[in-house]
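Mapping the sequence shown onto our numbering, position 7 (from 1) lands on -11, and the numbers just tick up by one.
For glycine and all other residues, C-beta sits at the position ideal for the given N, C-alpha and C.
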Amino acid sequence: MYNHSGFAPLMRRIAALPRFGLALMATMLVLLGISGTAFADGVPAAWGIGLQAPASPVADYVAKFHDVLLVLITVISAFVLVLLIYVVARYNKKANPVPSAVAHNVKLEVIWTLVPALILAVLFFVYSMPLLYYSDRASGQVDLTLKVTGHQWYWSYEYPDNNGISFDSHAIWDSSTVTDEDAAKLVADAQTGWLIKNKPLRLLEVDNRVVLPVGKMVRVLVAGSDVEHSWYVPAVAVNRMSVPGHVSELWIKLDHEGLFYGQCSMICGNGHGYMPIVIEGVSPDKFAAWTQNKKSAAATGIYLNAPQLASIEK
């Protein structure tokens, strides 16, 4: 018969966990190692279980916080699971026909209260709060301002620092949505070729992308025009509500060129699933050329119904 005599015997038994428990923990840690490679740059991938590759300082901060949390919670979950299996196997009715009458253990209870509290305090003060303040507002010199407005069910964008460049951004389902009438309005045949050849991602591609320069501090102002929406782009770790009558502020500083896809993450009506977001990160020179083309189009009154891109394949 097993008689509980205090904390020390329990700890000795925990230290002697069976080999299958250690193997289970090792397997879970290996799975953690492959979870971060489940997504391509800027777009979700099939069977992905990790975050998208970071494309901004805030996204990099979020990814590191995520990695810390994932390792921590995996170790804790594995420890609890192994301990539970060990106790069930070692101290069942057959091994202990007369159950222990021990009601509590002060030392053990203090430990399992203080250790979780300490872990939560470290996560809160070392990771969570610094991330909250870091991602809140642009600090230092702002190179560009982008205004985002959510509508039912599309987005509109404005660049106040670039002579008020503005445009609407709607979803493109696939290349079949380009009619002959739309194609006839195109200025460059390369744009039609791009749309047909690349077959836009279903429910993720748009007719007008948000174009931003790499390495520049961009202040983003988010507002709404009708109901609440949410401007969410995972690769740059932005998710901000667009609320009518209220302007929210965040910042983006892209690390590299590429396409970064997002969607509205707030249910806003029957068109909620058709509000994709595409950020195209380009070099400052390409961005300057793109803004000049936009200004020229506005001056001539020519507006295109096919994707307006900064890096069209020639």
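Opposite residue i in the DSSP bridges: which residues?
| i | result |
| --- | --- |
| A205 | T131 |
| D42 | In DSSP, D42 forms no bridge with anything. |
| Q245 | Y214 and P258 |
| A153 | V188 |
| W29 | DSSP output for W29 lists no bridge partner at all. |
Looking only at its chain, what residues have a beta carbon closer than 8 angstroms to the beta carbon of residue i, apart from the 5 residues adjacent to it on each side?
| i | result |
| --- | --- |
| K277 | N144, N145 and I147 |
| L194 | L126, L128, V200, I234, L236, I261, E262, G263, V264 and F269 |
Kindly indicate which three-state DSSP category residue i falls into: helix, strand or coil?
| i | result |
| --- | --- |
| M111 | helix |
| L94 | The question names Leu, but residue 94 is Trp in the sequence shown. If DSSP states are grouped into helix, strand and coil, W94 belongs with the helices. |
| N78 | coil |
| A99 | helix |
| V196 | coil |
| W137 | strand |
| P142 | coil |
| N190 | strand |
| R222 | strand |
| L52 | helix |
Quick one: what's got a C-beta closer than 6 angstroms to residue i's C-beta in the same chain, skipping five residues either side?
| i | result |
| --- | --- |
| P36 | D42 and A45 |
| I101 | none |
| P216 | Q34 |
| K75 | none |
What's the gap between the Cα of residue i and the Cα of residue j?
| i | j | result |
| --- | --- | --- |
| S138 | S151 | 6 angstroms |
| V220 | L114 | 12 angstroms |
| W135 | V196 | 28 angstroms |
| K198 | G122 | 11 angstroms |
| A103 | V188 | 43 angstroms |
| F242 | L65 | 43 angstroms |
| E231 | L63 | 43 angstroms |
| V218 | G263 | 11 angstroms |
| W94 | L51 | 19 angstroms |
| L96 | L105 | 14 angstroms |
| S212 | P112 | 23 angstroms |
| A153 | P98 | 46 angstroms |
| P26 | I259 | 13 angstroms |
| D118 | V40 | 10 angstroms |
| I249 | G32 | 24 angstroms |
| H228 | E91 | 48 angstroms |
| I239 | E210 | Note on residue identity: the sequence assigns Glu, not Ile, to residue 239. Roughly 30 angstroms separates the two Cα atoms. |
| S247 | L185 | 14 angstroms |
State yes or no: is the C-beta of residue i nearer than 8 angstroms to some heavy atom of the ligand GDP?
| i | result |
| --- | --- |
| V196 | No copy of the ligand GDP occurs in the structure displayed, which carries no ligand at all. |
Given 8 angstroms, three or more beta-carbon pairs between the region 265 to 277 and the region 45 to 57: No: the two stretches stay apart, fewer than three of their Cβ pairs being nearer than 8 angstroms.
task: Count the CB pairs spanning the region 118 to 138 and the region 201 to 213 that are closer than 8 angstroms, and state whether there are at least three.
output: In this structure the region 118 to 138 lies against the region 201 to 213, because at least three pairs of beta carbons, one per stretch, are closer than 8 angstroms.
message: Within 8 angstroms, do at least three Cβ pairs link the region 256 to 269 to the region 66 to 75?
response: Counting Cβ pairs under 8 angstroms, fewer than three are found: no touch.
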